[in-house]
Every structure is written in structure tokens, then in C-alpha cells.
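K.L.:
Below is one structure. I have some questions about it.
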Amino acid sequence: MALLDETAKGVYVIAVTPFTETGALDLDSTDRMVDFYLEKGATGLTVLGMMGEAPKLTADESRIFVRRVLKRVDGRVPVVAGVSASGFAAMRELSDSVMGDGAAGVMVAPPSTLRTDDQILSYYAMAAETLGPKTPFVLQDF
């Protein structure tokens, strides 16, 4: 799959993360969800955002979920994976993992503790440095 760039267009669905009644990842429902979005014409998928309840997942669960989505999508549309984390090392680790698995790019949301424009700009500058120049990223504003 090609990397996300400025030519990206269309509808990138902000996907939920399906869970079972016990709180475990529901990977069968993940497959059905991906199929549904693609059948309805989504031109890209965005996973592990705030709506996707990414903070509820462990790092391993996040990787498992993204791999499952990527496998089901099978290169038909770009997949952008949320990599927001409590620290930049964890962000880099998840980003390297999902990009290595075939994500088209990553999404970063600022921590809710940032209040001023300078704090937000500084955070995104550090995020960009952490991700590196070869990893395309989008911002999540919630």
C-alpha cells in the first residue's frame, strides 16, 4: 500500500474497535466491520483513534487489531493507525510496528492536558521528530 500523502481524498472512516462482552478484542466483528465500511465505499480507514477507544488497549492489543484490519483490507484502501501514547517512546514503537505492517500513515492526538497554542505546537513538533520524516501523519482534533 502506498503511503499517505497530500493526494489523499475521499472518506476515511473513523472506525470503532469491537470488543466482546468480556472486554476482549472481537476480531470476528473487526472483519465484519471492515467488510461493511468497504462495501459502503470508504476510500480509507482510520483506526485506534479516540472514538476507537485506543486508550483501553494494551500496546500488544493495538498491534493485533491493526494487523487484523490490514489483513482484512488487503491493500484495497489506505489504513491510518492512531499511535497516540502516554510517551514518545511508546508512540515511536507503535508507529514503527504499524508502518512495518503496511499502514499508509499514522494519526496523533494531543494529550488533553495541553492548554495553550504553544504547548500544542511543541507537542506536535516533538511528535513529528519522534515519528521521523518518512512516516506520514495526520492530526486528530477531538
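Here the sequence shown is numbered in our numbering, starting from 1318 and rising by one per residue. Idealized CB from N, CA, C, for every residue including glycine. Quick caveat: nothing in here was measured; it's all calculated off a predicted structure.
Looking at C-beta atoms only, is the number of pairs between the segment 1379-1389 and the segment 1442-1451 that lie closer than 8 Å three or more?
P.N.:
Not touching, per the Cβ criterion.
K.L.:
Which value, in whole angstroms, describes the spacing of the CA atoms of G1358 and L1448?
P.N.:
As a working mapping, residue 1358 is identified with position 41 in the sequence shown. As a working mapping, residue 1448 is identified with position 131 in the sequence shown. Taking the straight line joining both Cα atoms gives about 30 Å.
K.L.:
Going residue by residue through the segment 1348-1395, where are the continuous alpha helix (DSSP H) segments of at least 4 residues, counting only ones entirely within it?
P.N.:
List check, alpha helix (DSSP H) in window: 1376-1390.
K.L.:
Have a look at the DSSP bridge pairing and note the partners of F1336.
P.N.:
If you number the sequence shown from 1, residue 1336 lands on position 19. Note: F1336 sits in a beta bridge opposite L1342.
K.L.:
Given this structure, state the Cα-to-Cα distance separating L1362 from D1418, to the nearest angstrom.
P.N.:
Taking the first residue of the sequence shown as 1, we reach residue 1362 at position 45. Taking the first residue of the sequence shown as 1, we reach residue 1418 at position 101. Those two C-alpha atoms are separated by around 15 Å.
K.L.:
Starting from the Cα of V1330, find the closest Cα among T1433, V1415, A1398 and A1426 and give me that residue.
P.N.:
As a working mapping, residue 1330 is identified with position 13 in the sequence shown. Measuring from the Cα of V1330, the nearest candidate turns out to be A1398.
K.L.:
May I ask you to report which of helix, strand or coil DSSP gives V1415?
P.N.:
One-based indexing of the sequence shown puts residue 1415 at position 98. Three-state result, V1415: helix.
K.L.:
Please report the straight-line C-alpha distance between P1428 and L1456, rounded to a whole angstrom.
P.N.:
Within the sequence shown, residue 1428 is the residue found at index 111, counting from 1. Within the sequence shown, residue 1456 is the residue found at index 139, counting from 1. Going by the C-alpha atoms only, they are around 12 Å apart.
K.L.:
With the cut-off set at 9 Å, would you say D1343 and R1389 are in Cβ contact?
P.N.:
Counting from 1 along the sequence shown, the entry for residue 1343 is found at position 26. Counting from 1 along the sequence shown, the entry for residue 1389 is found at position 72. Contact: no.
K.L.:
Return the residue from the list V1351, D1352, T1360 and D1345 that minimises the CA-CA distance to T1324.
P.N.:
Taking the first residue of the sequence shown as 1, we reach residue 1324 at position 7. Answer by Cα proximity: T1360.
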